[in-house]
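Numbering (the numbering used here), first residue to last: 5 to 192. C-beta atoms are modelled at their ideal positions from N, C-alpha and C, and glycine is treated no differently.
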Amino acid sequence: MELSVHRDGSLLCPINDIEGTIEDMRINAIDGCCHCDIRVTDEQGCTAIVQASGTIESDCFCSTFQRHSCVPQICSIDDDLVVARTYVDGRETVSELIRSLGEIADSVSLHRLTVAGEDGRDTVTFDLSKLTSKQREALELAVSRGYYDTDRSVDLATMADELDISKSALSQRLRVAQSKLVEDLFSE
Numbered sequence: 005m006e007l008s009v010h011r012d013g014s015l016l017c018p019i020n021d022i023e024g025t026i027e028d029m030r031i032n033a034i035d036g037c038c039h040c041d042i043r044v045t046d047e048q049g050c051t052a053i054v055q056a057s058g059t060i061e062s063d064c065f066c067s068t069f070q071r072h073s074c075v076p077q078i079c080s081i082d083d084d085l086v087v088a089r090t091y092v093d094g095r096e097t098v099s100e101l102i103r104s105l106g107e108i109a110d111s112v113s114l115h116r117l118t119v120a121g122e123d124g125r126d127t128v129t130f131d132l133s134k135l136t137s138k139q140r141e142a143l144e145l146a147v148s149r150g151y152y153d154t155d156r157s158v159d160l161a162t163m164a165d166e167l168d169i170s171k172s173a174l175s176q177r178l179r180v181a182q183s184k185l186v187e188d189l190f191s192e
């Protein structure tokens, strides 16, 4: 899955001051310290390996990924936005990770979700850019609150209240969003 995490104010991260485009990054977080090897391309197109280290803070995105047995691949970072990719082992992990990131960030947006078949070979990618901002907001809330979990922990009315819309409006947004995403299943 690919997601972005936004937080007002500077992120406390050893790679926060990296200049250029992050092409690749390896993260090793052990005993409260984060060590990063980063392949960076500058404005002239020159590539260099930069090493950065820092103390892992309580609001560290990478440690949040790790608590859910996920390894983040940081695609880009600036003062208040991190775009990352990771593999997850199931729908509940997606919900839990988004919920945990939401506790330390101002917003979390899921951009792309690729689902592998049981054998790990057949994949389907769901492109969330097809959704309107309201459909995306409704779907992200439903996923983060566990609406699609087997032991559903929230109902439609509660989520509708959170969004300050009617239960019917939320149901329609979710239905249309689901329809757009299901098209990805059968488009190939």
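Pull the bridge partners of residue i from the DSSP assignment, please.
i: Val87; result: Ser8, Ser80
i: Ala161; result: Bridge partners of Ala161: none, in fact.
i: Leu114; result: Leu7
Please identify the residue among the options whose C-alpha is closest to the C-alpha of residue i.
i: Ser80; options: Leu7, Cys37, Gly36, Val180; result: Leu7
i: Arg89; options: Gly106, Thr118, Ala109, Cys64; result: Thr118
i: Leu185; options: Lys134, Ile169, Cys38, Asp63; result: Lys134
i: Val87; options: Glu100, Val112, Arg103; result: Val112
i: Arg103; options: Arg149, Ser157, Val75; result: Arg149
i: Ser157; options: Glu96, Val75, Glu187; result: Glu96
i: Thr45; options: Val147, Thr136, Ile26; result: Ile26
Just the Cα atoms here: how many angstroms apart are residue i and residue j?
i: Met5; j: Leu114; result: 7 Å
i: Met160; j: Cys66; result: The sequence as given places Leu at residue 160; Met does not occur at that position. C-alpha separation (whole angstroms): 32 Å.
i: Leu145; j: Ala173; result: 14 Å
i: Leu167; j: Thr129; result: 27 Å
i: Cys64; j: Leu105; result: 9 Å
i: Tyr152; j: Ile53; result: 42 Å
i: Ser183; j: Pro76; result: 29 Å
i: Cys17; j: Cys38; result: 9 Å
i: Thr162; j: Glu187; result: 28 Å
i: Ile22; j: Thr154; result: 42 Å
i: Ser62; j: Asp82; result: 19 Å
Can you tell me the Cβ-Cβ gap for residue i and residue j, rounded? I've got them flagged as a contact below 8 Å.
i: Cys50; j: Ile19; result: About 18 Å; that fails the 8 Å criterion.
i: His72; j: Glu107; result: Not quite, the Cβ-Cβ distance comes to about 12 Å (not below 8 Å), so this is no contact.
i: Ile78; j: Ala56; result: No, Ile78 and Ala56 are not in contact; Cβ-Cβ is about 11 Å, not under 8 Å.
i: Arg116; j: Asp93; result: Actually they are not in contact, since the Cβ atoms of Arg116 and Asp93 sit about 17 Å apart, beyond 8 Å.
i: Thr59; j: Gly36; result: 6 Å
Which same chain residues, not among the five before or five after residue i, have their C-beta less than 7 Å away from its C-beta?
i: Arg11; result: Asp84, Ala109, Asp110
i: Arg177; result: Lys138, Gln139, Ala142
i: Gln70; result: Ala33
Using a Cβ-Cβ cut-off of 6 Å (strictly less than) and excluding sequence neighbours within five positions of residue i, which residues of its own chain qualify?
i: Ile31; result: Cys40, Cys66
i: Asp28; result: Arg43
In chain order, what residues of the same chain lie with their CB nearer than 8 Å to the CB of residue i, ignoring the 5 residues before and after it?
i: Glu47; result: Gly24
i: Ser170; result: Ala164
i: Cys74; result: Thr90, Tyr91, Val92, Thr97, Leu101
i: Val180; result: Gln139
Spell out whether any CB of chain C is found under 8 Å from the CB atom of residue i.
i: Glu61; result: Here there is only one protein chain, and chain C is not present.
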